[in-house]
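Step one of this worksheet: look at the structure below.
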Amino acid sequence: MSSGLILALISFVGNQSAVPSNSKNVPKIHFETEIRPILKAYCLDCHGGTDKPKGGLDLRLKRFAVKGGDSGTSLVEGNPSASLLWERMSQGDMPPGEKKVPSDQIALVERWIREGAHTKKTEPELLPPGLGITEEDRSWWAFVPLKKPEVPSGPNQNPIDAFIGKKLMEKGLGFNPPASPRELFVRASLVLTGIAPDFEEIQTFERDKSPDRWLKTVDRLLGSSAYGERWARHWLDVVGYADSEGDGSADSPRDHAWRYRDWVIRAFNRDLPLDQFIQEQLAGDEMVPKPWTNLTPDQAETLAATGFLRMVPGANSADGAEQVMTDTIKVFSASLLGVSVGCAQCHDHRYDPISQEDYFRIRAILEPAVNPGQWRVPGQRLISLYTDKDRAKAGEVDARIAKDMQKAAERESVLVREALEKELQKYGEPLRAKLREAFAASGEKRTAEQNELVTKHPNLVISGGVLYQYNQQGADEVKGLREKAQANGTDKPPEGFVMVMDETGVIPATKLFYRGDPRQPKNEVLPGDLAVLSPDLKPVSIAPRVPSGTSSGRRLVYARHLTSGVHPLFGRVMANRIWMHHFGGGLVDTPAEFGRLGQTPSHPELLNWLALELPAKKWSLKSFHRLILNSKTWQQSSLHSELGDKLDGGDVLLHRYPTRRLEAEALRDRMLAAIGRLDKAAFGPPIPVVEDISGQVLVPDDKPRRSIYLQQKRSKPVALLGAFDQPVNMVLCEKRVVATNAPQALMLLNGNFVHTQANHMATRIISELEKENSDNIDSVMILERTVNLVWQRVLLRDPSTEEKALSMELVRSQSAPGPVIEDPVSGSPAKVAESPKKLLPGSPSTGPAVPIKPKLPEKVAIAHLAHQLLISNEFIHVP
Amino acid sequence: MYPNNQSCQQNRFPGALESGILRRQFLGQATGIGGLALASLIGETANGNTTKPGENLPANLLAKNPHFAPRAKAMISLFMHGGPSHVDLLDPKPELSRMHGKEYKGDVGYSFIKRASKTLFGSPFKFAKHGKCGTEVSELLPWASRIVDDICVIRSMHTGHNGHEVSIRYFHGGIAGVTGRPTMGSWLVYGLGNPSHRLPAYMVLGDPAGHPVDGASNWSSGFMPPIYQGTVLRPTEPRILDLDPPKEIRGAPQARDLAFLAKINQIHMRSNQGKASRPDPELEARIASFELAAYMQDAAREAFDLTQESEYIRKLYGLDQAKTRSYGERCLIARRLVERGVRFVQLFLGGQPWDNHDNLKGTLSDICSQTDQPSAALVMDLKQRGLLDTTIVHWGGEIGRLPVCEGELSATTGRDHNGQGFSIWLAGGGIKPGMTYGATDEVGHRAAVNVVNPNDFQATILNQFGLDHSKLIWYQNGRAEQLTAGTKPRIIKDILV
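Chains as they are written, first to last, in this note's numbering: chain P, 13 to 891; chain F, 31 to 527.
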């Protein structure tokens, strides 16, 4: 895998120094492939990119360089020192300013001239103005049209194996033997669902000798709701999902984001074809006819899909609206196009053939919906999910409550009047009458004398709030009436909202911003795709024929164009992402950067084949998974070998299934599932997280919901998940970092979460043991049985002889020597445990004789063993 | 939680791991037959670092001999990312002040997002000569002014790129704009190993306001194994979560757990290793992380315990003032880590406080008042302890700022990014004190004399550690990779003692 232009050039120069340049083994340097990229990066801004090249010198073609400018020819074939091009460059005169051509690239130019300044093809006589897009630009691997390559012939049935096997063979390598059935089952479960099967399921699988047991198992895993929860998480990374706004330290909750998360989970679970998956996210609003009242659940879902366009942080105010637009384009291009168009916001991309116009074409697709010019804060984008019936019912309930409350108020004023009259009885006439008159008069109509009376007698100022001071019973009665009124209203249907990105009917003109500055708008740009992707180099116009309703229709038309099955970037990007989540690394390991600053594919032909296989499989991701899961490549073991490590360190060629740690969420979920605690409830508002006294963010009460349902606050990642690299999504995460460090180990060793789970596991083990018939077995046997059970529950297998011995020793040594006090967790009655030594025959014993019926090992000791297995490498890695 | 009935074990083995006996017992168990990651990854004996062409240094943390006698053993990098404005801090430009408000005649190497104007913006801050060497420093850095005789100010830094990300990647990974590469700390640990048994060799101190741009990429080991990654500390106590074991397992019970865990992990790793000569690097690094974690329970707690410091030291670092306390604590912890054998400590800031696009006068003064005293105190303190001779202190960002104002010239104007020329300072570890090196053009836009790019900087740092940048190679599938891959670097000999 080479990484980017610079590296490619360096290794090129490296080759040059290793072998004399006149050797026939060294490939010739050509203008189009090696030299023009250098000139583009350093020279063409002035010498070719503008209408009038500086000094009359145009360097876009070799022919033009020979022709030269005001100072005469700049290029003499075979003679670098006579060529101004090389001379000015090597002496540091050009380019002016501080950014100079690196010496290795100057050397490359020198060699090119010395070799005779070759071009690959005959150059045209003339070029249209501008840098344009050259044939070499278009021939960059990611931009070339998709063409299904021929599957290499050979022994491998599965095309994936044919491509992977061919490269392995070229290196003198082959596939590892298949992993064991148990490993494969666990691997498939973890990769597809993020949780492992239980021991009994594995036993059933191993016993099943039917030829289709693998297919059945894969189908069952793909059919489980856990599959969507697992794969939705991957997509949520790249779109930058969070349950908070990311607005500085407040990081206010984004209350309705979870509907988008649920939509993604459901989409994966029902195998929503990938083309529709994208279309709904880009333009779900254009698919649901307005007015958006009485929405069906399906319609509400389709609208929720547009959450994709409003994942990025910030902007409850118009100030940040431009940043939201910029970041949304970032999410859009990283997730769907795999190129960073961001550079082109301010100037034509220096490395990739992406122009500033291209950038604004993409902006024009999204601008009518995002619309920073007429910014709508989140609250203004909410659509009520009430149906007319709900609303009528709510109105009815509200009216009923209001009526009852009115009754309470009336009763209250009667009681207040009574209380006042009672107080007035304390005064003699004529003062009483005057007071009565003064308090009966409304504020502004009181005379000065009456005002004075009121001020002098605050005890007579009686309202509902102070009624209890005069008539406790009456106050209680009113309170009871009010409570009853509210309690009578619980049948009011709760009102849900969905956040929709839609358009207002006015299509804002998208203007190209000079240097990317919104204050300097220039010409208007129409929506379109990147010009380099079009065969005639004209931007692909995506202006819709008929605008749909109040919408410009741009997004839907673009989404269809993107998912037509032939889009060069989209297909490759998606195939690569799916691949990455199966193998830990992509065929292109920079999954959101397919341009020259990214890496090149390790298996370009396979990538092309897969990109076309997606539409061939009617965009069914589940079918695509089956294809991968049925390959030798996927099913081989992860065993290392000397030769494999030497020739394929980093597992790029896939001579073995790569070792990888479970992601943060899978780690937590697998632990909860192993214990049998995982709460499988799906969907709904996120479980709020809390901060403890030390600032550690936790799930309150250790709620065992799947991690995808925990509130994801950008500023407050759950400590355990954050430590294991869950992204905070300040914008988006194109590929997770995998850290291995001591703080993670401390969290696993000392953290409350794992301790709690280990204790739960011990409780579970004891209850299972208690159900078993323990007649006629001795204390060693029961210890052995305990150890086996812990291994089966956690690591899904029986321990080896060595592992068993170590485990038994651990349980023995971790048993408390003294009397056991009442178990604070289970609350089971206190029983005096024997010393653990007494469990062991042959141990020196000072107490009474060995009991007839052996006691179970102590819970605390079982917890120690469970804990170590739960944090073992075998548990936290995909086998 | 385990039931509390384990507390009796506490009485039997008070401070078991601390006692030494159990430590040996734990190690004895942990390092049992077959060897154990930490035993193989960390050791006292230095081994050579000459390899055959195409072969990497052994992927372990054993102390390794440098290529030649080193001047530095450790480095503390005060990374001031965001772009500290050199023309307002360390690079006085009288010509710029004279031209204040006039149009800049040259081309502005502008930044892409914001809005650099062409109006020259003279520094609103006063510069004065300080120390015996007479280095001019801005009034914003009264504390740095007191250490000018101990530092070398480089005024000709240059990345050629104005963007934060592109330049920060150049500084850490060696190639402008490229991610996925090991950072300088990783290369140091790869080349020299970990001299400490008890703490990670490469530590990062985070900021309460969050991580820098690019997040964890700034301390990633890239294509190298994860044992070379930086370990991040939290910005406030607890610096490391879950550092202390629950009391019922502290001591002997945990030592037994760890010994057991190590053994079953070993069995698992060996069975995965097959016939290969090396085990899986990720599995091995994970095992080592547990062993290091066990040691850190004691060592890190002790290293972070600032109550051990005298009142004088606490005041020196500004722990007595609200403004300087946070950064001061981190500088002080950095010193304590280096004292305890940590090789490379890097401090980051969150929220881009040096990125003064607006209101330069206010925002720049503010961040200086938080960081100036602790940064200088660190140099003073290392010096008085005799540690400065072998410890490099680096202060600097990935870019600087433009001499022109952003938008209209006003009382609250700011400056846009400038990767064409900016300043940093270095101290200790064989760097020549009391000097300035290089210069920008007359207005401070572009490095003009003795230009230093990040690769030159890296080559020079490696040189002080006794490493030849061209020989410190990592072969990645047959391709030779080195830290300074972006250009052909030079060692800045003029700034070396």
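In this text, a Cβ means the ideal position worked out from N, Cα and C, and glycines have one as well.
> Exposed or buried, tyrosine 272(P), counting other C-beta atoms within 10 Å across all chains shown (16 or more means buried)?
Replying inline: buried
>> Looking at the strands, I want to know which residues DSSP matches up with histidine 454(F).
In response: According to the sequence displayed, residue 454(F) carries isoleucine and not histidine. Paired residue(s): Ile184(F).
> Measuring CA to CA, which of Val336(P), Ala421(P), Gly407(P) is closest to leucine 378(P)?
Replying inline: Val336(P)
> What are the boundary residues of the beta strand (DSSP E) that includes glycine 426(F)?
Replying inline: 421-426
>> Please classify alanine 333(P) as buried or exposed, where buried requires at least 16 neighbouring CB atoms within 10 angstroms.
In response: buried
>> Between the alpha carbons of glycine 258(P) and alanine 346(P), how many angstroms are there, rounded?
In response: 20 Å
>> Considering just the uninterrupted stretch of the beta strand (DSSP E) at isoleucine 902(P), what are its terminal residues?
In response: Lying before the first or after the last residue shown, residue 902(P) is absent from chain P, which here runs from 13 to 891.
> So who's on the other strand from alanine 104(F), going by DSSP bridges?
Replying inline: Thr421(F)
> Are alanine 751(P) and alanine 324(F) touching if we call contact CB-CB under 8 Å?
Replying inline: no
> Between glutamate 44(P) and glutamate 148(P), which are expected to be in contact by the criterion C-beta below 8 Å, what is the C-beta distance as a whole number of angstroms?
Replying inline: 5 Å
> So, helix, strand or coil for lysine 160(P), using DSSP?
Replying inline: coil
>> I believe alanine 469(F) touches alanine 478(F) by the beta-carbon criterion, under 8 Å. Please report the beta-carbon distance rounded to the nearest angstrom.
In response: 6 Å
> With C-beta atoms as the reference, is lysine 728(P) less than 8 Å away from valine 701(P)?
Replying inline: yes
>> Measuring straight from C-alpha to C-alpha, what distance separates methionine 820(P) and arginine 225(P)?
In response: 35 Å
>> So that I know if they touch, is there some Cβ in chain P lying closer than 8 Å to that of asparagine 302(F)?
In response: yes
> Looking at the structure shown, is aspartate 691(P) part of a helix, part of a strand, or coil, going by DSSP?
Replying inline: strand
>> Contact criterion: CB-CB distance below 8 Å. Does glutamine 376(F) meet it with respect to chain P?
In response: no
> Alpha carbon to alpha carbon, how far is isoleucine 343(F) from histidine 298(F)?
Replying inline: 48 Å
> Given 8 Å as the limit, is there contact between the region 350-361 of chain F and the region 395-406 of chain F, that is, 3 or more CB pairs closer than that?
Replying inline: yes
>> the ligand PLP and arginine 445(F): does the residue's C-beta get closer than 7 Å to at least one heavy atom of that ligand?
In response: Although the ligand PLP was asked about, the structure shown includes no ligands whatsoever.
> chain P partners of serine 319(F), CB-CB under 8 Å?
Replying inline: Thr752, Asn753, Ala754, Gln756, Ala757
>> Does the contact criterion of 3 or more C-beta pairs under 8 Å hold for the region 252-263 of chain F versus the region 88-104 of chain F?
In response: yes
>> For methionine 465(F), report the span of its beta strand (DSSP E) as first-last.
In response: 465-467
> Would a check of beta-carbon distances place glycine 207(F) closer than 8 Å to chain P?
Replying inline: yes
> Since tyrosine 480(P) is in the alpha helix (DSSP H), which residue starts that stretch and which ends it?
Replying inline: 479-482
>> Let me see if you follow: with CB-CB separation under 8 Å, is threonine 522(P) close to chain F or not?
In response: no
> Is the CB-CB distance between alanine 317(P) and glutamate 292(P) below 8 Å?
Replying inline: yes
> Per DSSP, aspartate 237(F) forms a beta bridge with which residues?
Replying inline: Gly240(F)
> When the Cα atoms are used, what is the spatial distance from glutamine 804(P) to proline 869(P)?
Replying inline: 17 Å
>> Less than 7 Å between C-beta atoms, sequence neighbours within five positions excluded: which residues of the same chain meet that for phenylalanine 509(P)?
In response: His268, Leu394, Ile395, Ser396, Leu397
> Which residues bound the beta strand (DSSP E) around glutamine 506(F)?
Replying inline: 504-506
> DSSP state of arginine 672(P), grouped into three classes?
Replying inline: strand
>> Please report the distance separating the alpha-carbon of histidine 499(F) from that of glycine 203(F).
In response: 13 Å
> Hey, which unbroken runs of the alpha helix (DSSP H) at 4 residues or more fall wholly within the region 639-672 of chain P?
Replying inline: 644-647, 654-659
>> Taking the straight line between their C-alpha atoms, what separation do you get for serine 237(P) and asparagine 281(P)?
In response: 6 Å
>> Let me confirm a value: phenylalanine 606(P) is counted as buried when at least 16 other C-beta atoms fall within 10 Å, else exposed. Which label applies?
In response: buried
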